[in-house]
Amino acid sequence: MLRSKTCGELNKTDVSATVTLAGWVHRRRDHGSLIFLDVRDRYGITQCVVNATENERAHRTASDVRNEFVVQVKGIVRERPSGTVNKNLPTGEIEVVIGEIAILNESKTPPFYVNEDSEVDELLRMKFRYVDLRRPSRQRFIEVRHEFVKYLRDFFSARGFWEVETTQLIRSDPTGARDFIVPSRYFPGKFWALPQSPQQLKQILMVGGIDRYFQIARIFRDEDPRADRIYEATQLDVEMSFPERDDVMAIGEEAYTGALERFGRKPVWRKPWPRMKYDDVMDRYGSDRPDLRFDLPLVDVTDTFRGTKFQAFRAGVDAGAVKALLIKGQADVSRKGIDVMTELAKRRGGKGLVHIGLTAEGLRSPVAKFFSDDEQKDLVRRVGASLGDLILIVADAQAHTAARALGEVRDHLGTQLDLIDDTTYRCVWVTDFPVLDRTPEGGWTFAHNPFSGVLESDVHLLDTDPGAARSKQYDMVIDGREIGGGSIRIHKRALQEKIFALMGTPKEEAAQRFGALLDALEYGAPPHGGFATGIDRSVMLLTGTANIRDTIAFAKTQTGYDPLLDAPADVDPALLEQLRLRVLPPK
RNA sequence: GGUCCCGUGGUGCAGCGGCCUAGCAUACGUCCCUGUCAAGGACGAGAUCGCCGGUUCGAAUCCGGUCGGGACCGCCA
Numbered sequence: 001m002l003r004s005k006t007c008g009e010l011n012k013t014d015v016s017a018t019v020t021l022a023g024w025v026h027r028r029r030d031h032g033s034l035i036f037l038d039v040r041d042r043y044g045i046t047q048c049v050v051n052a053t054e055n056e057r058a059h060r061t062a063s064d065v066r067n068e069f070v071v072q073v074k075g076i077v078r079e080r081p082s083g084t085v086n087k088n089l090p091t092g093e094i095e096v097v098i099g100e101i102a103i104l105n106e107s108k109t110p111p112f113y114v115n116e117d118s119e120v121d122e123l124l125r126m127k128f129r130y131v132d133l134r135r136p137s138r139q140r141f142i143e144v145r146h147e148f149v150k151y152l153r154d155f156f157s158a159r160g161f162w163e164v165e166t167t168q169l170i171r172s173d174p175t176g177a178r179d180f181i182v183p184s185r186y187f188p189g190k191f192w193a194l195p196q197s198p199q200q201l202k203q204i205l206m207v208g209g210i211d212r213y214f215q216i217a218r219i220f221r222d223e224d225p226r227a228d229r230i231y232e233a234t235q236l237d238v239e240m241s242f243p244e245r246d247d248v249m250a251i252g253e254e255a256y257t258g259a260l261e262r263f264g265r266k267p268v269w270r271k272p273w274p275r276m277k278y279d280d281v282m283d284r285y286g287s288d289r290p291d292l293r294f295d296l297p298l299v300d301v302t303d304t305f306r307g308t309k310f311q312a313f314r315a316g317v318d319a320g321a322v323k324a325l326l327i328k329g330q331a332d333v334s335r336k337g338i339d340v341m342t343e344l345a346k347r348r349g350g351k352g353l354v355h356i357g358l359t360a361e362g363l364r365s366p367v368a369k370f371f372s373d374d375e376q377k378d379l380v381r382r383v384g385a386s387l388g389d390l391i392l393i394v395a396d397a398q399a400h401t402a403a404r405a406l407g408e409v410r411d412h413l414g415t416q417l418d419l420i421d422d423t424t425y426r427c428v429w430v431t432d433f434p435v436l437d438r439t440p441e442g443g444w445t446f447a448h449n450p451f452s453g454v455l456e457s458d459v460h461l462l463d464t465d466p467g468a469a470r471s472k473q474y475d476m477v478i479d480g481r482e483i484g485g486g487s488i489r490i491h492k493r494a495l496q497e498k499i500f501a502l503m504g505t506p507k508e509e510a511a512q513r514f515g516a517l518l519d520a521l522e523y524g525a526p527p528h529g530g531f532a533t534g535i536d537r538s539v540m541l542l543t544g545t546a547n548i549r550d551t552i553a554f555a556k557t558q559t560g561y562d563p564l565l566d567a568p569a570d571v572d573p574a575l576l577e578q579l580r581l582r583v584l585p586p587k
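As structure tokens, then:
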């Protein structure tokens with residue numbers, strides 16, 4: 001090695017040792033005949049010093065050095081003179097007296113600061129990723145991610161799980177997200193797809209008797225990237241044979257509790273994690289990924305308006321629900337604030353948002369005149385409102401639509417009114433999801449994943465009232481983010497085909513698209529189940545960043561462009577010819 | 001496909017019809033300086049204000065378009 005020590009490890013016990021360091025010039029402080037060089041590597045920063053009268057040659061080299069030059073410094077560790085100790089630096093009690101210094105490589109002036117944590121345009125950071133990655137704050141993300149993934153590997157290995165890699169070139173399936181596809185050379189005109197998840201493969205591994213499997217798996221989705229979504233995500237994928245639902249949840253919970261406590265920023269709120277049924281979280285929070293860092297529950301006021309003359313609530317009362325939200329002390333909310341919240345409610349399907357302020361003169365609202373005295377009194381009583389409070393109401397013929405619309409407003413208010421208590425990780429399991437959801441066209445689609453088993457008690461409902469049947473699905477939700485989910489799977493072909501049929505996929509089509517799995521279920525498939533979690537989102541949670549691109553080493557823009565590699569790019573026409581592909585001009 | 005925000009020396013920001021010959025901080029260059037650690041001091045270089053077009057006597061500033069980035073909706077589990 002070109003170094004004997006790193007820049008982060010020297011301290012008083014090393015005094016008078018001869019050491020060699022190699023790293024980047026973090027900062028140079030030139031006092032004329034005395035020059036300080038802060039040399040930085042992944043491990044830390046060490047101050048090196050050279051004095052012209054003692055070492056003219058080294059002093060001359062040190063004068064030529066600039067920020068981000070790569071240098072090798074050989075010298076003797078010395079305790080710093082009294083009064084010059086830097087308490088901000090782990091190595092601040094010592095310095096290296098430079099005997100020899102070599103410039104291993106020069107550097108252009110970097111396009112942005114490495115030695116301070118200023119905000120820099122993200123495009124520039126992506127283009128110069130190698131510079132950005134040098135910043136200690138960036139390296140922290142990479143380190144946490146590494147430690148987290150290593151921990152997961154150790155955790156599952158220690159519990160008998162084998163890490164199995166699954167093929168990355170699989171069959172495209174038109175459902176779900178848009179596939180990334182790869183042309184085949186031997187089969188011109190046919191394509192592989194990159195996996196959106198190893199779901200079918202891991203189930204097949206269970207049929208193969210692997211018993212316990214995990215993988216840190218790359219998954220690909222060609223949908224527009226967002227602050228918390230990227231083309232290539234990584235997931236922890238786990239599957240086990242012969243488990244009950246609690247066994248899988250317990251192991252996922254143990255893994256994540258351990259990870260949050262080791263690498264996270266704050267303690268875990270409650271152990272064991274609370275579990276909530278889908279219907280209950282929808283009812284109370286208007287979301288299937290409730291943010292429990294603040295309370296602000298939705299209140300059902302359907303009964304208050306049983307006999308109402310207010311037409312906008314009629315459908316909600318008759319078929320769905322009327323949901324309310326009490327916001328303390330916000331009776332004087334601005335028109336603009338109401339407009340913003342109304343927009344949010346409509347985005348989630350709400351027809352509108354009724355607001356009522358409790359003022360000294362009574363209820364202040366554009367629609368208060370439609371409410372009877374009894375309705376007004378009962379509303380105030382039910383939500384527990386007092387003078388100066390604001391009540392928000394959404395009614396809808398679909399109870400879940402009313403809840404979702406108001407739930408969106410609730411999430412908005414959490415940040416807007418600074419209600420969030422971010423001192424613990426609020427982990428919760430959401431269970432008992434419906435098997436099927438209504439499509440806008442009135443048909444059925446799977447609520448989560450078509451392979452999730454159906455609760456034994458609800459199997460009969462598939463024939464009579466499919467929408468009421470609940471699945472063995474469970475979701476891991478932390479601080480209002482869906483981190484992952486899983487289920488006990490269907491392990492018999494007949495039930496799997498029945499689910500597909502309900503979703504409008506006939507037997508023949510299912511056999512074509514999911515043939516391998518369906519066939520496997522006929523050859524002694526054991527009962528099995530598992531879960532998957534997003535590694536990238538988990539690292540966001542651990543580090544507290546709101547930007548998923550912070551959690552990966554190499555990032556792309558919102559259009560999927562890679563400024564570092566200048567990709568995507570044209571390919572050699574000869575390659576297209578081999579693949580029998582022709583590119584059409586852009587629209 | 002859509003909505004919103006942003007684009008000014010290397011970087012981060014200010015300026016938002018004439019006082020701009022575009023300001024500040026920092027980085028950069030030269031010189032001075034033996035105890036600094038965001039070192040200090042002096043001097044200096046560096047920008048046709050993303051691009052195209054329009055309005056105007058006059059545009060960084062107003063308008064339209066376009067490109068790029070970001071946040072969001074759609075999409076996505």
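Counting in the numbering used here, the first sequence runs from 1 upward without gaps.
Don't be surprised by glycine CBs; every beta carbon is placed ideally from N, CA and C.
If you're wondering where the values come from, they're calculated on a predicted model, not measured in any experiment.
The C-beta distance from V96 to V19 rounds to 6 Å, short enough to meet the 8 Å contact threshold.
With contacts defined by Cβ atoms closer than 9 Å, A555 and I216 do not form a contacting pair. Taking all protein chains shown into account, Y130 has fewer than 16 neighbouring C-beta atoms within 10 Å of its C-beta and is therefore exposed.
In this structure the stretch 276-288 does not touch the stretch 353-369; the number of beta carbon pairs closer than 8 Å is below three. In this structure, the beta-carbon distance from L34 to V49 falls below 9 Å. DSSP links F36 through a beta bridge to R29, V49.
Checking the DSSP bridge columns, you'll see D475 partnered with V430, G485. For I499, the enclosing alpha helix (DSSP H) has its first and last residue at 493-502. Shortest Cα-Cα distance from F180 to any of R218, L236, K498, V281 involves R218. Taking 4 residues as the shortest admissible run, the stretch 61-148 contains the following complete alpha helix (DSSP H) segments, listed from N- to C-terminal end: 122-127, 129-132.
The straight-line gap separating the alpha-carbon atoms of Y425 and V114 is approximately 32 Å.
Under the 10 Å beta carbon count, E253 is surrounded by 16 or more other beta carbons and is classified as buried. Counting along the chain, V15 sits inside no beta strand (DSSP E), nor does DSSP assign it H or E at all. Relative to R29, the option among G44, K277, N51, N11 whose CA is nearest is N51. Taking a C-beta distance under 9 Å as the contact criterion, V428 and I393 do not qualify as a contact pair. For G357, the pairing in a beta bridge is given by DSSP as R364, L390. DSSP places V182 in the uninterrupted beta strand (DSSP E) bounded by 181-183.
Just measuring C-alpha positions, the residue of D295, I499, I327, K127 sitting nearest G384 is I327. Taking a 10 Å sphere around the C-beta of Y523, we find fewer than 16 other C-beta atoms and assign the residue as exposed. A403 and A321 do touch by the CB rule: their CB atoms are close to 7 Å apart, below 8 Å. Per DSSP, the unbroken alpha helix (DSSP H) holding M341 starts and ends at 335-347. Excluding its 5 nearest sequence neighbours in each direction, A553 has C-beta neighbours in its own chain below 8 Å: R129, L133, I142, listed in chain order. For S4, the closest alpha carbon among the candidates V77, E232, M540, R27 is that of V77. Of the residues F500, Q416, M476, D421, the one whose Cα lies closest to the Cα of G453 is F500.
R212: member of the beta strand (DSSP E) spanning 212-220, first to last residue. Annotation for E254: the continuous alpha helix (DSSP H) segment containing it runs 245-263. At a Cβ-Cβ threshold of 9 Å, P526 and H491 count as neighbours. If the five residues before and after A22 are omitted, its C-beta is found closer than 6 Å to the C-beta atoms of L2, R3, Q72, all from its own chain and listed in chain order.
Burial of R125 is indicated by the presence of at least 16 other C-beta atoms within 10 angstroms of its C-beta. Note that the C-beta distance between E56 and K74 is not below 9 Å. By alpha-carbon distance to V571, the top candidate from R582, P466, D562, Y561 is R582. In its chain, beyond the 5 residues on either side, P563, L564 have a beta carbon closer than 7 Å to the beta carbon of K127. In the three-state scheme derived from DSSP, where H, G and I count as helix and E and B as strand, R438 is classed as strand. Between L236 and F214, the alpha-carbon positions lie close to 7 Å from each other. Secondary structure of L292 (DSSP, three-state): coil. In this structure, the alpha-carbon of D396 lies about 7 Å from that of K351.
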